[in-house]
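**Q** Protein chains in written order, with full-length UniProt numbering: chain A, 1 to 330; chain B, 1 to 330.
1) Could you check what DSSP says for residue 264(A) in three-state terms: helix, strand or coil?
2) Is it right to say residue 180(B) is buried, meaning 16 or more other beta carbons lie within 10 angstroms of its own, or is it exposed?
3) In the DSSP assignment, the alpha helix (DSSP H) including residue 11(B) goes from what residue to what residue?
4) What is the residue span of the alpha helix (DSSP H) that residue 115(A) lies within?
5) Name the residues in the region 253-266 of chain B whose C-beta lies less than 7 Å from a C-beta of chain A; which are they?
6) For the alpha helix (DSSP H) that residue 2(B) lies in, which residues bound it at each end?
7) How many Å lie between residue 102(A) and residue 149(B) at the Cα?
8) Given that residue 270(A) touches chain B, what residues does it touch there, using C-beta distances under 7 Å?
9) Buried or exposed for residue 167(B), please, with buried defined as at least 16 other CB atoms from any protein chain shown within 10 angstroms of its CB.
10) So residue 162(A) is in the alpha helix (DSSP H); what residue range does that whole segment cover?
11) Suppose the cutoff is 7 Å on Cβ atoms and the five residues either side in sequence are ignored; what does the same chain contact list for residue 310(A) look like?
12) Counting only Cβ pairs nearer than 8 Å, list the residues of chain E close to residue 297(B).
13) From this set, 58(B), 174(B), 72(B), which residue's C-alpha is nearest residue 46(B)'s C-alpha?
14) With residue 91(A) as the anchor, note down where its alpha helix (DSSP H) starts and where it stops.
15) Can you grab the Cα-Cα spacing for the pair residue 169(B) / residue 322(B), in whole Å?
16) Would you tell me roughly how many angstroms separate the C-alpha atoms of residue 192(B) and residue 6(B), rounded to the nearest one?
17) With a cut-off of 8 Å on the beta carbons, I'd call residue 81(B) and residue 117(B) a contact; round off their distance for me.
18) If you draw a straight line from the C-alpha of residue 44(A) to the C-alpha of residue 86(A), how long is it?
19) To the nearest angstrom, how far is the alpha carbon of residue 178(A) from that of residue 49(A)?
20) For residue 273(B), return the contacting residues in chain A, with the cut-off set at a CB-CB distance below 7 Å.
21) Using 8 Å for Cβ pairs, my map puts residue 260(B) next to residue 196(B). What's the rounded Cβ distance?
22) Mark residue 142(A) as exposed unless 16 or more other C-beta atoms lie within 10 angstroms of its C-beta, in which case mark it buried.
23) Note down, in chain order, every chain A residue with its Cβ under 7 Å from the Cβ of residue 308(B).
24) At a CB-CB cut-off below 8 Å, which residues of chain B make contact with residue 300(A)?
25) Give a yes or no on whether the minimum CB-CB distance between residue 330(A) and chain B is below 8 Å.
26) Starting from residue 172(B), trace the alpha helix (DSSP H) both ways and give me its first and last residue.
27) Spell out a yes or no on whether the region 289-301 of chain A and the region 234-241 of chain A are touching, meaning 3 or more CB-CB pairs, one atom from each, closer than 8 Å.
28) At the 8 Å Cβ level, is residue 226(A) part of the contact set with chain B, yes or no?
29) Could you work out which residues of chain A lie near residue 66(B), taking near to mean beta carbons separated by less than 7 Å?
30) According to DSSP, which residues form a beta bridge with residue 225(A)?
31) Can you have a look at residue 313(B) and say buried or exposed, based on whether 16 or more other CB atoms are within 10 angstroms of its CB?
32) Going by the DSSP bridge assignment, what does residue 131(A) pair with across the sheet?
33) Can you check whether the C-beta of residue 277(B) is within less than 8 Å of a C-beta belonging to chain A?
34) Within its chain, find whatever has a CB closer than 7 Å to the CB of residue 273(B); leave out the 5 residues flanking it on each side and keep chain order.
35) Leaving aside the five residues before and after residue 25(B) along the sequence, list all residues of the same chain whose C-beta is less than 8 Å from its C-beta, in chain order.
36) Work out the CA separation of residue 56(A) and residue 416(B) for me, nearest whole Å.
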């Protein structure tokens, strides 16, 4: 595992420069570590802001665009942005209809985004918060509010973005985000760690023939570590855990996100998807518009996360609504 | 490096099953290892067929769709499909206006596709061939016809597909493909190997602190192997080699494809793109619609390929034309 980079200290800033240079139609960097839509906030539309540590592309920046997000504050790799950067992102997203903060449940991000919200309140910009807490491996159902946010975020971005694009008010956009966040359950497994540039060493160690089920996207400990199992057995365990946790059953409709953490190739995601589809078909559950690819990564970590999004007619409509960004295709 | 798979012998077939199941709107598998557009050939349109070994997603299958390809024959990992599979793909692509075979310059693929063309000739289906030979590291300019085809293929797919969508005839579609193939130059470097499932071991060995410039996508030997250099130095060497080989200079317009071979994360592609943009700007060369991502991979290999596509008004128009597939966005 080797990094293509210059000085580790410049990793994030050079990455953001390149990202904005490659996608000028979508976003710009009006201030350091603050990414906003090209052309600025949309008057009269609820703004949607996200943010968190770097190292998870396309999360966060890649989902800024019409029908999706308006701005993001970006921290160092796996580290929270500052509350000032978050407040700035909120100002850039503000079109006069309020701002939703939509992000993952990590301590530093929550503290800083809450402070940013207080700052904006003094500037008479109304804002709300919806936290993603979809990683079922990170806490039991009885403590679901402690769960970390992972790839389910992508579904929530899409649904909230669509509701805002339809000119829902702040309460309506917040409700769509919360409903979608509540509809998502995720679990992942890791095969190899990644390297945080400024640390220069792997985030964890794991045997050459081992996997860890339930590991978090920053290397947080999982549920079990054992020999690498066949893809079908892994897929079965993941989907069964999500079905049990969510209560989704026969006759329901779901979307799935089969997501590589980075190094695991598309070929293997499709092998996993094949089994998931067969298993859900056996259970009488329909898959609608699955996503298979790299939507929320940990740089070069090998592993896969699976997100189940329980659909109702509203969420299904919002996920299918038009949008335009480099990393979600409708 | 660990694979998420079941039996190695089932890797390709399970992958193709999952791929078609995930994207039913775009393609189906009418015969084993033959992927064709959902809904069949388009009457009156020139069909475009590609093919080659598995292990390079989204190449080949991922580029089937309106404005792009019509069918593909898929071999084992890094191995040619059979001439029968290629002939079948051509029949599925045939809308009565002839078929273009558009693929990379590898011995097995050329032999089998030529045989497939002869088979189709006996069935009164006209066909032509355009080979991609864009990898400048694989042979000197004096032997350019010996060069291997790599990610430049994606530009040729797009241009030929657009010309066919405009209802160009077989000669016109072939000319557009040839012109775009001729306009492309690529070079890559590798940091780590990948594992071919049925071999079960890495395709090559390389030191923990080493890179190999010019290595082929199947691990073919490159130009030099040395300590891993900073991203900017690598970017400079790659673009300078491509500029020299192509003769592209001040005042010209190019597109770039900065492509991860698999494990190298998007973050690092953007760091490379940042430098390329700055260097081309200094030389007075404009970059139009760059592509940054995973367009032609070698499963979990770490490394990057760079493709330079020299534009004229025709190629620029064809690359910008509408299309619809899971892996190219216009």
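Built from N, CA and C at the ideal position, the CB exists for glycine as well.
**A** Taking the definition as stated:
1) coil
2) buried
3) 11-22
4) 107-122
5) 262, 263, 264, 265, 266
6) Where residue 2(B) is concerned, there is no enclosing alpha helix (DSSP H), given that its DSSP letter is neither H nor E.
7) 44 Å
8) 15, 18, 19, 22
9) exposed
10) 152-165
11) 183, 246, 248, 252, 254
12) Absence of chain E from the displayed structure is noted, the protein chains being A and B.
13) 174(B)
14) 83-93
15) 19 Å
16) 23 Å
17) About 14 Å; that fails the 8 Å criterion.
18) 21 Å
19) 14 Å
20) 18, 21, 22
21) The pair is not a contact, with the Cβ atoms about 19 Å apart (cut-off 8 Å).
22) exposed
23) Ordered by position in chain A, no residue passes the 7 Å Cβ test against residue 308(B), which lies about 15 Å from the chain.
24) 263, 264, 265, 302
25) no
26) 170-183
27) no
28) no
29) Within chain A, no residue comes near residue 66(B); the closest Cβ sits about 14 Å away, beyond 7 Å.
30) 212(A)
31) exposed
32) 103(A)
33) yes
34) 258, 290, 292
35) 38
36) Summary: the structure shown does not reach residue 416(B), with chain B confined to residues 1 through 330, and so no result is reported for it.
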